[in-house]
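Protein chains in written order, with the numbering used here: chain A, -8 to 168; chain B, 945 to 1049.
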Amino acid sequence: MSNAVLEAIRTRRMVRALTDAPVPREQVEQILEAARWAPSAGNRRLHRFVAILDPGTLRLLRMVSPGMFQRPRAVIAICIDGQRARSFGMSPTARGLYVDVGTAAQTMLLAAHSIGLGAGVVTSFSRAAVSVVLNLPAGFSPEMFICLGFPAARQPPAIRPRTPVTWQSLSHWERFP
Amino acid sequence: MESTMVLTEDEALELLAFLVTAARTQLDEAAEYGPLRLLTAAGRLADFMTGRASPATQQLLAGPLRALPDAALRSVDPAKYSAELDAACQAVGKHLVDHFGGGTR
Chain A
-8 MSNAVLEAIR TRRMVRALTD APVPREQVEQ ILEAARWAPS AGNRRLHRFV
42 AILDPGTLRL LRMVSPGMFQ RPRAVIAICI DGQRARSFGM SPTARGLYVD
92 VGTAAQTMLL AAHSIGLGAG VVTSFSRAAV SVVLNLPAGF SPEMFICLGF
142 PAARQPPAIR PRTPVTWQSL SHWERFP
Chain B
945 MESTMVLTED EALELLAFLV TAARTQLDEA AEYGPLRLLT AAGRLADFMT
995 GRASPATQQL LAGPLRALPD AALRSVDPAK YSAELDAACQ AVGKHLVDHF
1045 GGGTR
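So this is what it looks like as structure tokens:
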């Protein structure tokens, strides 16, 4: 029996080669809507998303993002709202905040894949420079970019793991001896 | 160097921003990202040079340097990674000798 969710999980890839075609705003909105449903610890929603479509801003982001191999046509920056975290008595560097960055990111990656967009994550960027480029409010910390575009026909080779990965190689049952 | 090889201010700024921000990101990242970032910077410089450089230099840019995968990491296959970098360095060295004239200056 086919299962669309599992199939999407299995077939999603980090897409690093993108075409020049612009990403329609409506598709970015679909991805943001999906992220709204991502798990969030305590349903506190301590993250904010900044969607960037402007080519000039995208160019600047790429300049201060050494890990951005691709030339995205849209980027969603996942930010931690440090002031909002403090309002819940949390440190802006608490581990849980980063877990929620991950759940939002995976939700967006799958949403993008499901609507025919290529997506990849980038975390290698200067937070200080990105904060200036995006004019982020005080207390906002950019933590991850979801880079979006339409996949090019030819993709660079994937990064291969040192050893083959299976679910068994990543998992243990019950407790360790 | 011919004037046609000078980067535009926009291009130079792009490369400068990459190098400065890469220095910062490297503080938090795996050590093996160091060579990766340097190669990415070299690739971006090569992109700017393409179309302006001499035919021989363009051959270098399009050949041995392009052969290095964008996101290759040492840990995946250390021996292969070193060999590929050695091959690129050899090609660069040979081109330098051809371009500048080995032992004549």
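From the three backbone atoms N, C-alpha and C, an ideal C-beta is built for every residue, glycine too. Being a predicted model, the structure only gives us computed values, none of them experimental.
In the DSSP assignment, residue 1039 (chain B) falls within the alpha helix (DSSP H) that extends over 1022 to 1040. Near chain A, meaning a CB-to-CB distance below 7 Å, the residues of the stretch 958 to 992 of chain B are 958, 961, 962, 965, 966, 968, 969, 973, 981, 984. Identification of chain B residues near residue 124 (chain A) by a Cβ-Cβ cut-off of 9 Å yields none; the smallest Cβ-Cβ distance measures about 10 Å.
Among the CB atoms of chain B, none fall inside 8 Å of the CB of residue 13 (chain A). Shown here, residue 9 (chain A) sits in a strand according to DSSP, grouped into three states.
In the three-state DSSP reduction, residue 165 (chain A) falls in the coil class, being neither helix nor strand. Each residue's CA atom was taken as its position, placing residue 137 (chain A) and residue 962 (chain B) some 19 Å apart.
Between residue 1001 (chain B) and residue 57 (chain A), the gap from beta carbon to beta carbon reaches 8 Å or more. Going by C-alpha positions, residue 148 (chain A) is about 13 Å away from residue 61 (chain A). For residue 83 (chain A), there are no C-beta contacts with chain B under 8 Å, since the nearest C-beta of that chain is about 16 Å from it.
Apart from the 5 residues on each side of it in sequence, residue 1008 (chain B) sits with its Cβ closer than 6 Å to the Cβ of 1032, 1035 in its chain, given in chain order. Taking C-beta atoms as the reference points, residue 139 (chain A) and residue 103 (chain A) count as a pair closer than 8 Å. Here DSSP, grouped into helix, strand and coil, assigns residue 993 (chain B) to helix. Bridge partners of residue 51 (chain A) according to DSSP: none are assigned. At a cut-off of 8 Å, the C-beta of residue 998 (chain B) has no neighbouring C-beta in chain A. Annotation for residue 998 (chain B): 1043 place their beta carbon closer than 8 Å to its own, counting only its chain and skipping 5 residues before and after.
Among the residues of chain A, those whose CB is under 8 Å from the CB of residue 1014 (chain B) are 7, 60, 147, following chain order.
Apart from sequence neighbours up to five positions away, the residues of its chain that approach residue 91 (chain A) with a beta-carbon distance below 8 Å are 29, 30, 31, 32, 37, 38, ordered along the chain. At a cut-off of 8 Å between beta carbons, residue 1026 (chain B) makes no contact with chain A. Judged by DSSP in its simplified three-state form, residue 973 (chain B) adopts coil rather than helix or strand. At least 8 Å separates the CB of residue 132 (chain A) from every CB of chain B. The Cβ-Cβ distance between residue 68 (chain A) and residue 76 (chain A) does not fall below 8 Å. Secondary structure at residue 122 (chain A): helix, using DSSP grouped into helix, strand and coil.
Between residue 1005 (chain B) and residue 959 (chain B), the gap from beta carbon to beta carbon reaches 8 Å or more. If you draw a 10 Å sphere on the C-beta of residue 123 (chain A), you find fewer than 16 other C-beta atoms in it, and that means exposed. When C-alpha distances from residue 1010 (chain B) are compared across B:987, B:965, B:966, B:1046, the shortest belongs to B:987. Residue 96 (chain A) and residue 168 (chain A) have their C-alpha atoms roughly 34 Å apart.
Assignment of alpha helix (DSSP H) within the stretch 28 to 73 of chain A, counting only whole runs of 4 or more residues, yields 46 to 54 in chain order.
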